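Peer 1:
Protein chains in written order, with our numbering: chain U, 1 to 402; chain A, 403 to 674.
1) Tell me, please, which residues DSSP counts as bridged to residue 378 of chain U.
2) Specify the secondary structure class of residue 657 of chain A as computed by DSSP and reduced to three states.
3) In the DSSP assignment, find the beta strand (DSSP E) that holds residue 163 of chain U and state where it starts and stops.
4) Suppose contacts are defined by Cβ-Cβ distances below 8 Å. Is residue 145 of chain U in contact with residue 164 of chain U by that definition?
5) Using the beta-carbon of each residue, which ones in chain A are nearer than 8 Å to residue 190 of chain U?
6) Express the C-alpha separation of residue 570 of chain A and residue 221 of chain U in angstroms, rounding to a whole number.
7) Starting from residue 630 of chain A, follow the beta strand (DSSP E) in both directions and report where the run begins and ends.
8) Do you know offhand how far residue 83 of chain U's Cα is from residue 377 of chain U's?
9) What does residue 581 of chain A touch in chain U if you count any residue whose Cβ is under 7 Å from its own?
10) On the DSSP bridge assignment, give the partners of residue 139 of chain U in chain order.
11) From the DSSP output, in three-state form, read off residue 16 of chain U for me.
12) Cβ of residue 9 of chain U less than 8 Å from any chain A Cβ?
13) Starting from residue 205 of chain U, trace the alpha helix (DSSP H) in both directions and tell me its first and last residue.
14) Report the option in U:364, U:365, U:336 whose CA atom is closest to the CA atom of residue 351 of chain U.
15) Against chain A, does residue 23 of chain U count as a neighbour if the rule is that its beta carbon must be under 8 Å from one of theirs?
16) For residue 26 of chain U, which residues in chain A fall below 9 Å Cβ to Cβ?
17) Name, in chain order, the residues that DSSP records as bridge partners for residue 329 of chain U.
18) Exposed or buried, what is residue 451 of chain A when buried is set at 16 or more other beta-carbons lying within 10 Å of its beta-carbon?
19) State buried or exposed for residue 197 of chain U, treating a residue as buried only when at least 16 other CB atoms are found within 10 Å of its CB.
20) Which residue's Cα is closest to the Cα of residue 587 of chain A: A:578, A:412, A:567, A:613?
21) Of all the options A:646, A:409, A:492, A:596, which has the alpha carbon lying nearest to the alpha carbon of residue 627 of chain A?
22) For a contact defined as C-beta to C-beta under 9 Å, what are the partners of residue 147 of chain U on chain A?
23) List the residues of chain U whose Cβ lies closer than 9 Å to the Cβ of residue 472 of chain A, in chain order.
24) With a threshold of 8 Å between beta carbons, is residue 504 of chain A in contact with chain U?
25) Among U:347, U:131, U:362, U:79, which residue has its Cα nearest to the Cα of residue 101 of chain U?
26) If the criterion is Cβ atoms closer than 8 Å, does the pair residue 5 of chain U and residue 325 of chain U meet it?
27) How would you list, in chain order, the residues of chain U whose beta-carbon sits under 7 Å from the beta-carbon of residue 676 of chain A?
28) Quick check on the burial criterion: 16 or more other C-beta atoms within 10 angstroms. Buried or exposed for residue 416 of chain A?
29) Can you pull out the residues from the stretch 634-650 of chain A whose beta carbon lies closer than 7 Å to at least one beta carbon of chain U?
30) Under DSSP, the alpha helix (DSSP H) around residue 439 of chain A begins and ends at which residues?
31) Under the assumption that residue 530 of chain A contacts residue 406 of chain A (Cβ atoms under 8 Å), give the Cβ distance between them as a whole number of angstroms.
32) Judging by CA-CA distance, which residue of U:41, U:269, U:353, U:366 is the nearest neighbour of residue 76 of chain U?
33) Please report the distance separating the alpha-carbon of residue 403 of chain A from that of residue 412 of chain A.
34) Check the Cβ of residue 20 of chain U against every Cβ in chain A and list those closer than 7 Å, keeping chain order.
35) What does a CB cutoff of less than 8 Å around residue 70 of chain U pick up in its chain, not counting 5 residues either side in sequence?
36) With a threshold of 8 Å between beta-carbons, can residue 480 of chain A be considered close to chain U, or not?
Right, here's the structure in full:
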């Protein structure tokens, strides 16, 4: 029997991962790793996470078969794992509840977070309110403009939102600024990282907090007739994707497809497909695929989706891509928005634009495989935050707004 | 032993601490930055730390971020660091490079070490690479005879101080405070005890950086460290003056102030 790929512990995933950070942060990462290793073995820790899942965020999330949408996907059976129905509207809550509990365990009183679309920032602000932690969220200035509603949500929840004006003014710069805060305030502060990237222990720890998605979905699919032929999820940093993939990693007959944001198309250079259009490098504390120039300077990513607009990707995805266990597809803005429109019109479900990239992957794969295929899509978030962007894209705003 | 340690030991024999000055290559231009490095040496900097601009400098504050961003926007390349090292070496001052890891990795860690050595550089400071993650770099630096300067911080545990001291050659870079580069009103209280603990872990030479801004700061740090590292306060001389000439004049005055600082107090020798 081949070795299980599930829940690989890090710090390395093949050649990827590791800890490439300033010495000033090493003690904090060691402390976090130790605390997580202890918590992981403590039944009361996961009992508390399970309780919060049940009684606070609404787990298990349901699986919905989307019959009308499926007609546009070659007639394949299409099932959605409804992380959009979680409290705060996305899978991000799964991770932040775990990390906020861990923050309490290590006795820190302040959390910082980075956010792109605002979903992780909202989730962190929510967990901080629930657990009485001071919360500061770094967000690229460009993102604060395109996700103004989520900025207000974070403020309503008691968080301080710091618009980051350096560099590309998006998620990458928000992470840089969060690191700078952490270096200066590590005594009191824990960094609640939003995706399965960054230095060890984050890629493995965030994956572990998100793997509930795949554990539930695998059981739900078996109860509804059997394992799917493929599991699809959008990939920015890749936490929702690794969360749903993990439970299926050892089911070799199940294809795993990560849908990266191709923006205007990978060939145009204006995209956010780190695996599809980048090469191995070190960014934000770990080795993985990175969009970069010949000198290793990070290049700007482009996507209509703020949550996928990131030039890196989690190291476990880089490893799964190199192993050939998962495929990574490039989905353009146009393809994602068409899938977004279709799900709204055929099912009455407004997806996050991020998740619409996975829906576009399902349309393509369904057309390839036809009606005998069964596809499971992680609907990682809902689209309320995207109403204005989508309305602008489809030219539905009154003139004064466009 | 190396050209760097020889120089540090000569300076110690003069009864003072070394002044180590940082400037990023490529700001305001490659030529302008090299001229500024030469001016620093003329005005009293003993060792030059040449910054290689990087797009995601997580350990740098606003002044150095700004200069690095401008340098990259002006088209500065990795290869520009080598003529800068040659020019610094020609002044007689040891030339160090400070670089985040990814540019070195993409250039090829071994090739980077070889080209820097050929250009006259003597070592590299790696702000986001610790010895635990640095095997490839350590092998390349050793193969080409470059000093590997790793950092310690006030948060470093005793175990990590030993790990870092054992892997470091040249000098250990002690970060005076928990934070990023930038000017401060005072030098952190943590610096002196960190230097003491780093020496206790076996480091023969420890230099202090982060936040050193004035001649008085330099004099204070010179009492207990082998070298005083100044970055943002020097870079600001260039960023806040419109013309390069005015910037160089301000730089000269600032270096003279700092050079007087490291000479103000005689080091008490090995008793620390």
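For each residue, glycine too, the CB sits at the ideal point set by N, CA and C.
None of these values were measured; they are calculated from a predicted model.
Peer 2: Answer, in terms of the structure:
1) U:81
2) helix
3) 160-164
4) Annotated as distal: residue 145 of chain U and residue 164 of chain U, with beta-carbon spacing of 8 Å or more.
5) Result: empty, since nearest Cβ-Cβ is about 14 Å, beyond 8 Å.
6) 55 Å
7) 629-632
8) 10 Å
9) 183, 184
10) U:115, U:163
11) strand
12) no
13) Where residue 205 of chain U is concerned, the enclosing alpha helix (DSSP H) stretches over 202-210.
14) U:336
15) yes
16) Taking the beta carbon of residue 26 of chain U as reference, the chain A residues within 9 Å of it are 532, 534, 555, 557, 558, 559, 562, listed in sequence order.
17) U:259
18) Its Cβ being crowded by 16 or more others within 10 Å, residue 451 of chain A is buried.
19) buried
20) Comparing Cα-Cα distances from residue 587 of chain A to each of A:578, A:412, A:567, A:613, the minimum goes to A:613.
21) A:596
22) Within chain A, no residue has its CB atom less than 9 Å from the CB of residue 147 of chain U, the nearest being about 22 Å off.
23) Per Cβ cutoff of 9 Å: no residues; residue 472 of chain A is ~12 Å from chain U at best.
24) yes
25) Among U:347, U:131, U:362, U:79, the Cα nearest to that of residue 101 of chain U belongs to U:131.
26) Yes.
27) Residue 676 of chain A falls outside the range modelled here, since chain A spans only 403 to 674, and no answer is possible.
28) exposed
29) none
30) 432-445
31) About 21 Å; that fails the 8 Å criterion.
32) U:366
33) 13 Å
34) Within chain A, 503, 530, 531, 535 have C-beta atoms less than 7 Å from the C-beta of residue 20 of chain U, given in sequence order.
35) Here the set comprises 76, 77, 78, 366.
36) yes
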